[in-house]
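Novice: Structure provided below as structure tokens; questions to follow.
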Amino acid sequence: MRTLLMADIHGNFAALRAILSTPEAQSCGRVISLGDQVNFGPESRKVVETLRSLGATMLMGNHEERLLHPDDFAGYNWAMLRVTAGQLSGISLADLPVDVRIGSALLTHGTPGNPYHLVYPPDLPEVLKALPEDVSLLISGHNHLCWDVTSGHRRAFNPGSAGLNETGTGARAMFAIWDGDELTPCSAPYDVTENARAYLSGGFAQEAPEMSRMCLQEMETGQYQGVLRLIRHVKHVAEGMGLTIADREAWLAADAAAPWREPISTADFWARKEKEA
């Protein structure tokens, strides 16, 4: 069956809507989302409700798995996840499968059985080698880059991130069409300005201003691993202060030298976005 493949939508409803509006997506009889439907973006509830209305198969990503353990995320560094959890109140994600088999294909978020395992193209030959004998195709997400790698008689495919494209093209939602043996990468442009408004109206800009800013920046630019770079920067600053990344003071101190596209404070950034809205 002709299938729409998406991964790592990350609460970016504008990106999801753009994908679903394409002729390629509308020609599909099945929809599969490879995990991380939620968090980072400002409209996780809309994403999940839309996917469910389509009868989509949704896999368990690391962000869904984290939401199952809210008591573990009390620090300031998890403020965005807490806002997302509130947004998803009444929606259960506990029953999402980690892996799905379709014929000789195995679909997962990270690697089979582990939605947290982040791999890169050089790792794929070993990952493919470890698959069950009757699996010839591994389709996964988690890493926000698109790839199509063959090793021996096996193939690994990643459609790239729908909601946090990290290819440098910016504001393009990545997806793929799976039809028989054909896996075709696609992308669709979307309007990122509505995400800025959603971060403000949804409480993200107030409760998690730095993370929200970086996620928006990554959506706008396609910056590679922008969120990870910000987290590493804050950890470095926190260690120098004798604090941890869970402390709000570390984030405030790190703001001035953070890897922002514009040299203004995060408070000024969101004040300007509020005026523009």
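So the sequence shown is numbered by this note's numbering: it starts at 1 and just counts up by one. C-beta: ideal position from N, C-alpha, C; glycine also. All figures in this text were calculated on a predicted structure; none of them were measured in a lab.
For Cys-215, which of Leu-51, Leu-20, Ala-94 and Pro-42 has the nearest alpha-carbon?
Specialist: Closest by alpha carbon: Pro-42.
Novice: Rounded to the nearest angstrom, what separates Thr-50 and Gly-240 at their Cα positions?
Specialist: Looking at the two C-alpha atoms, the distance is approximately 44 angstroms.
Novice: Does the distance between the C-beta of Lys-273 and the nearest non-hydrogen atom of the ligand NAD fall short of 7 angstroms?
Specialist: The ligand content of the structure shown is nil, which means the ligand NAD is not present either.
Novice: Would you kindly report the start and end of the unbroken beta strand (DSSP E) that includes Trp-78?
Specialist: No beta strand (DSSP E) holds Trp-78; DSSP gives it neither H nor E.
Novice: Assuming the contact rule is C-beta atoms closer than 8 angstroms, Ala-205 and Val-192 should be a hit. Round their C-beta distance to whole Å, please.
Specialist: The pair is not a contact, with the Cβ atoms about 14 angstroms apart (cut-off 8 angstroms).
Novice: Which full runs of the alpha helix (DSSP H) of 4+ residues lie inside the region 222-248, going along the chain?
Specialist: Runs found: 226-240.
Novice: What number of angstroms, rounded off, separates the C-alpha of Ala-14 from the C-alpha of Leu-200?
Specialist: Approximately 15 angstroms, taken between the alpha carbons.
Novice: Spell out a yes or no on whether the region 5-20 and the region 67-80 are touching, meaning 3 or more CB-CB pairs, one atom from each, closer than 8 angstroms.
Specialist: As far as the Cβ criterion goes, the region 5-20 does not touch the region 67-80, which means the pair count is below three.
Novice: Using 8 angstroms as the cut-off, can you tell me whether the region 254-273 makes contact with the region 227-235, which would need three or more C-beta pairs spanning the two stretches below that distance?
Specialist: Counting Cβ pairs under 8 angstroms, three or more are found: they touch.
Novice: Could you give the C-beta distance for Leu-106 and Val-135, rounded to a whole number, given that I count them as a contact under 8 angstroms?
Specialist: Yes, Leu-106 and Val-135 are in contact; Cβ-Cβ is about 5 angstroms, under 8 angstroms.
Novice: What residue range does the beta strand (DSSP E) around Ile-9 cover?
Specialist: Taken as a continuous stretch (DSSP letters only), Ile-9 belongs to no beta strand (DSSP E), as it is neither H nor E.
Novice: Please name the residue, chosen from Leu-138, Lys-273 and Glu-194, that lies closest to Asp-181 on a Cα-to-Cα basis.
Specialist: Of the listed residues, the one whose Cα sits closest to Asp-181 is Leu-138.
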